Amino acid sequence: MTMARAVRVQSGLSGRVDWTYVAAVAGLIVAGSLAMLSAASTTSMYSAILQKHFIALTLGVTLFTLTLAFNYQVFQDQSKFVYALAIAIVGATLVLGQISRGQRSWIHLFGFSFQPAEMARTLVILALADFLDRRARKIDDLSTILTGLALCAPVMILVLKQPDFSTALTFAPAIFGMMFAAGANLFQLAAVFGFGGAAISVPLIYTICQVRFPLASPTTLPGMILATSRMGWATLAAVGVFCALGFLAWKAASWMRVQVKPIAFAAIPILLSAALLSGIVVHRQLKGYQRNRFVSWIAPQSDVQGASYNVIQSQIALGSGGMWGKGLFSGTQSQLGFLPERHTDFVFANIGEEMGFWGTSLILGLYMILLWRIVAAARQARDRYGYLVCAGLASTLAFQLVLNVGMCVGLVPVAGVPLPLVSYGGSSLLVTLWTLGIVANIYARRYALL
Amino acid sequence: MSRGGAVPQERLEVLWYCIAAAGLVLGLRLAQMQLVQAEEWRLAAERNRSQMIHQNAPRGRFYDRHGAAVATNAPAFSLIFLPGKERRRQDLKPLADELSRQLDRDPEKLLESLEQAVREESAVRLAENLPTQTMFRLSELKTIYPGVDLIVEARRYYPFGRFASHLLGYMGKMNQREWRRRKPLGYRVDSRTGRIGLENIFEDELRGRDGGLRMEVDAQGRLKRILDKIPWEVGSNVHLTIDAAVQRAADDGLRATSTGRGAAVAIDPRNGDLLAMSSQPDFDPNAFLSTDPDEVKSTVRELSEFNNAISGAYPPGSTFKPIVGLAALSEGRVAPDDSVFCPGHMTVGGRTFLCWDHKGHKTVSWLKGLAQSCDVYFYTIGLKAGGAAIERYARAFGLGIKTNIPLKNEKGGHLFGPESRRKSGRNWWYDGDTLNLSIGQGELTVTPLQMAIATAALANRGSVWRPRYTQKIVYADGSPDFVKGPERLGIVEAKGAAWDEVQRAMEVVVSSGTGGAARIPGLLVAGKTGTAQNPHGQDHAWFIAYAAKPGEPASIAIAILVENGGHGGSVAAPVARSMILAHFGMTDPAAKRPNPPAVPAGAVSPLPPPLPLGRPR
Chain A
199 MTMARAVRVQ SGLSGRVDWT YVAAVAGLIV AGSLAMLSAA STTSMYSAIL
249 QKHFIALTLG VTLFTLTLAF NYQVFQDQSK FVYALAIAIV GATLVLGQIS
299 RGQRSWIHLF GFSFQPAEMA RTLVILALAD FLDRRARKID DLSTILTGLA
349 LCAPVMILVL KQPDFSTALT FAPAIFGMMF AAGANLFQLA AVFGFGGAAI
399 SVPLIYTICQ VRFPLASPTT LPGMILATSR MGWATLAAVG VFCALGFLAW
449 KAASWMRVQV KPIAFAAIPI LLSAALLSGI VVHRQLKGYQ RNRFVSWIAP
499 QSDVQGASYN VIQSQIALGS GGMWGKGLFS GTQSQLGFLP ERHTDFVFAN
549 IGEEMGFWGT SLILGLYMIL LWRIVAAARQ ARDRYGYLVC AGLASTLAFQ
599 LVLNVGMCVG LVPVAGVPLP LVSYGGSSLL VTLWTLGIVA NIYARRYALL
Chain B
1050 MSRGGAVPQE RLEVLWYCIA AAGLVLGLRL AQMQLVQAEE WRLAAERNRS
1100 QMIHQNAPRG RFYDRHGAAV ATNAPAFSLI FLPGKERRRQ DLKPLADELS
1150 RQLDRDPEKL LESLEQAVRE ESAVRLAENL PTQTMFRLSE LKTIYPGVDL
1200 IVEARRYYPF GRFASHLLGY MGKMNQREWR RRKPLGYRVD SRTGRIGLEN
1250 IFEDELRGRD GGLRMEVDAQ GRLKRILDKI PWEVGSNVHL TIDAAVQRAA
1300 DDGLRATSTG RGAAVAIDPR NGDLLAMSSQ PDFDPNAFLS TDPDEVKSTV
1350 RELSEFNNAI SGAYPPGSTF KPIVGLAALS EGRVAPDDSV FCPGHMTVGG
1400 RTFLCWDHKG HKTVSWLKGL AQSCDVYFYT IGLKAGGAAI ERYARAFGLG
1450 IKTNIPLKNE KGGHLFGPES RRKSGRNWWY DGDTLNLSIG QGELTVTPLQ
1500 MAIATAALAN RGSVWRPRYT QKIVYADGSP DFVKGPERLG IVEAKGAAWD
1550 EVQRAMEVVV SSGTGGAARI PGLLVAGKTG TAQNPHGQDH AWFIAYAAKP
1600 GEPASIAIAI LVENGGHGGS VAAPVARSMI LAHFGMTDPA AKRPNPPAVP
1650 AGAVSPLPPP LPLGRPR
């Protein structure tokens, strides 16, 4: 960038690698492997799991190193291919994938099973970064946001088709984070993602009403809310209420002599109505297990054996670990099988039980270091493309961390999102290491000389 | 920068702050759960992984006065089932069928309890007190069906069976109200508690602390290992004043009488120790702990909780006469040699009062009067002593007042006389009332326990003791024994000569009077028979007695009542005789006498049937 930085250039690639970052990644992998060794020990396929894990680990480290060696800008140069690959792998999954737990999200290839959705997410981030980089001069336009979303939509829809709701959900923070970091118009961004958020929260509200007040009469508030989901007079009435709200806001603004464009007030009823309608559509599409996940989050004590069993057992495991934990291989919740998915989605709870607060805060701390270094890589990236890729990856990684850890501590609904690097999962580990390799690459090539 | 100029770095900073804030929230939540609430979660995890199988602790024992255990514990095997999380009805069905074959129980009911266990995720007791053979057969099931296990625990056991049933009580399940009350004290819903009698009264002392096996179970409820054994604590032992031999003689004797209904109480006249308390019909307390629930149900249905010895009030009849005699002799109105002519009846106030022997006893003085139980003689001396004196003496003997023995549902009986009439506001007293009182009839009712205490007072010349059944309580925790000394309720003041005459006459009753059936060579036995009129049916047979080794103070005083038994001398006295023999550790010199035939009721009192022993003169 500047001469001041250029003088600090050291010879060779290794001198410019962010070793703090690499150490955080290595620490997370070690901690995750330890937790997995302990958590999977009670499963019947212990040796197979270990084998797969260490094969994936070896491949992943190799991939990380290889990615570090080649210039990341190749992804921007081959952006069309990257995007086509993203579409291709999720499309292929739908055609060739194996159905497991009601989802067609795995491809079996050469004896390995592979979950392409996560790789597609990184590919989409790369493609979107290229797109936003090209639109740098028109970044303030609404068209940039909408076209960017249109770019990502096919991949997300194909992932939703699997249906893998939680992985599709992790696309959203990456897209938002990148558009935000690229400097998109805040008002437009808020409107678009507000609409998206509302479209997701409307079915959530419906589910809450259904669970909490299953027999609500139409005269009560929950009953009225539920009535709007049936696409009748009640829905129309809701739209009318939204229009009235927009009108009132306009009146209030002019009374208070606030200078806002009238379009902003028109946006209120339009966005709310659109969000309501798409929310109703989503509500009708929601699967039973997804509804149950909402339920177990809303009312964890309502049915211990049912959907919220996992949440409660995870919290018991985590909390009972205390400061120092019960020791590896000694967690009663995990070793006796009370903790579900203990080496995959709920591995963090297993760490909390067996390694205690120091274990969980170590993981959390390593994650924060990792994210800090990714943000640092974004800060020092030599080009806008690298900056955007890092911002997107940081957002999605942070989102996954919040979703997974938040699930284990009972702060967010059970989403079925693994904790990258820590949860067991060969393809996830491979893809994550490859993705992190790109970030390491961006950092290493920050001086634009190589 | 390749294209588009500078990047908005400040946007990145905002993004980073958001990420850091999210990390902080997660960190705080982790600290809250793992540092602040750790203990609560730890307990939850502990509850998750461990299941407690309780083992009933041995209950404190009851010993008789010589140290023989009259209520103890026996090992019992219980079949338990530990449910898993993923059991389905079809998995439980074969187990229920197998168990119903082994236990001979309804498979539907078994399946129901199995399903309940699965629903509630808690271990369930499928069967208790299994016989040893069944236990061995069932132990094979452990290997086939996960979750089935056998544990050993203590069960109440009454070695003598039907023995002092009403006094000892029995063990049973709690009702809802009692369960609510006892829950905070560490009782479980299936805990058994003493229902009546001493088992109930000493519940707090007798109950031990249940132990158990704390077992680690996995999410499927499969038993992984035993975490630890919580040892049970044995309850405190209670040493009773009961003499098992005397008690058994009383139980067996009463049961063998013609009606098999009645009560017997034996007391040590030297201190009020209860030597025996029997009430018939009785029950076998072991039956309440049977393995067969139907048997328990039928036992409870047929149970007679009524303790005749303290809750039954009967007219004492002629057994009241020694007290009347003491009153008359001591008050100086009557000399022992004063003779009365008995023509078989007496007319007072225009009414004719019959003697039980319609032919009359001819010339009767004190000794013959009591020995033959001549009613006319007692009418006469009763009139001379006066109703008020008789009432005063009877009250001094403790009649008409509850003894306040710590047993439930004690009755005080009813003593009547001029004074109690006045107190109840009925100011009339006729000679006819005195006559009825003089032969222990009329409104007079007493409990067998009161009668035994009065007999003891006759034996010890006036000391009325509070009946006492606890020798000592030996606490399991090592705290000093509870010992309660004898307690004198009162003293009957009477002249020494009067005591001599009454005791001598009671000896004559046994040696050559109506109570001959109680005569034992080598022992000094004194007594009095009674045949109490009963408006509801056959007369009640009474016998009171005390006995001593020659030259020693009397050590046993007895009151026997046989409901509708007829004549006391023939029905009740033999029971007293075997109790006295048991008390002195003697064998019956004339074992196995046939029961005398039942006697028809007469106008006042039937003629005594021919007695095999000691026929009255």
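If you read the sequences in order, they're chains A and B. With the numbering used here applied, the first sequence covers 199 to 648. With the numbering used here applied, the second sequence covers 1050 to 1666. Even glycine gets a Cβ: it sits at the ideal position worked out from N, Cα and C. Quantities reported herein were computed from a predicted structural model and do not represent experimental measurements.
Residue-level contact to chain A via CB, residue i, 8 Å cutoff
| i | result |
| --- | --- |
| B:Q1083 | yes |
| B:A1196 | A quick correction: the sequence has Gly, not Ala, at residue 1196 of chain B. No, because no Cβ of chain A sits closer than 8 Å to the Cβ of B:G1196. |
| B:D1267 | yes |
| B:A1117 | no |
| B:V1056 | yes |
| B:E1089 | yes |
| B:L1075 | yes |
| B:A1080 | yes |
| B:G1053 | A caution first: B:G1053 carries a pLDDT of 46, below 50, which makes its placement in the model unreliable, though a value can still be read off. Closer than 8 Å to some Cβ of chain A, the Cβ of B:G1053 qualifies, so yes. |
| B:A1362 | no |
| B:I1068 | yes |
Any C-beta of chain B under 8 Å from that of residue i
| i | result |
| --- | --- |
| A:T558 | yes |
| A:M566 | yes |
| A:F378 | yes |
| A:V573 | yes |
| A:Q598 | no |
| A:L516 | yes |
Identity of the residues DSSP links to residue i by a beta bridge
| i | result |
| --- | --- |
| B:Y1112 | B:A1118, B:H1288 |
| B:K1411 | B:C1391 |
| A:L311 | The residue you asked about is not Leu; residue 311 of chain A is Ser in the sequence shown. A:S311 pairs with A:H306. |
| B:D1580 | Looking at the sequence shown, residue 1580 of chain B is not Asp but Thr. Note: B:T1580 sits in a beta bridge opposite B:A1590. |
| B:F1402 | B:M1395 |
| B:H1463 | B:T1494 |
| B:R1205 | B:N1122 |
Reference residue i, options the options, closest by Cα
| i | options | result |
| --- | --- | --- |
| B:V1551 | B:E1059, B:A1377, B:V1413, B:L1148 | B:A1377 |
| A:Y487 | A:F363, A:L321, A:G295, A:L257 | A:F363 |
| B:P1497 | B:Y1518, B:N1509, B:I1607, B:E1202 | B:I1607 |
| A:L475 | A:P460, A:Y281, A:G430, A:A450 | A:G430 |
| A:P401 | A:D338, A:R482, A:L469, A:Q511 | A:R482 |
| B:D1588 | B:S1627, B:L1573, B:V1611, B:G1600 | B:V1611 |
| A:I403 | A:A579, A:L235, A:L419, A:V390 | A:L419 |
| A:I285 | A:Y270, A:T256, A:V353, A:T342 | A:V353 |
| A:L307 | A:V223, A:M521, A:T291, A:L586 | A:T291 |
| B:A1315 | B:M1628, B:K1460, B:L1064 | B:M1628 |
| A:C441 | A:G535, A:A462, A:W453, A:L283 | A:A462 |
Assigned exposure category for residue i - 16 Cβ within 10 Å defines buried
| i | result |
| --- | --- |
| A:M243 | exposed |
| A:S528 | exposed |
| A:M605 | buried |
| B:T1679 | Missing from the structure shown is residue 1679 of chain B; chain B here goes from 1050 to 1666 and no further. |
| B:D1549 | exposed |
| B:L1092 | exposed |
| A:A315 | buried |
| A:L294 | exposed |
| A:F385 | exposed |
| B:N1476 | exposed |
| B:N1458 | exposed |
| B:G1663 | Confidence at B:G1663 is low in this model, with a pLDDT of 31, below 50, so the placement of that residue should be treated as unreliable; the coordinate-derived value is given next. Flag for B:G1663 reads buried. |
Review point. Which runs of the beta strand (DSSP E), 3 residues or longer, sit entirely within the stretch 1274–1331 of chain B?
Key: The beta strand (DSSP E) runs of length 3 or more contained entirely in the stretch 1274–1331 of chain B are, from start to end of the chain, 1286–1289, 1311–1316, 1323–1329.
Exercise for review: Within the stretch 1411–1439 of chain B, note down every full beta strand (DSSP E) run reaching 3 residues or more, in order along the chain.
Suggested key: 1411–1413
Check your understanding: Taking the runs of the alpha helix (DSSP H) that are 4 residues or longer, which of them lie wholly in the stretch 568–608 of chain A?
Key -> 582–606
Check your understanding: Going along the chain, which unbroken runs of the alpha helix (DSSP H) with 4 or more residues stay wholly within the stretch 386–428 of chain A?
Key -> 419–426
Review point. Where are the beta strand (DSSP E) runs, 3 residues long or more, that stay fully inside the stretch 1124–1201 of chain B, in chain order?
Key: 1173–1179
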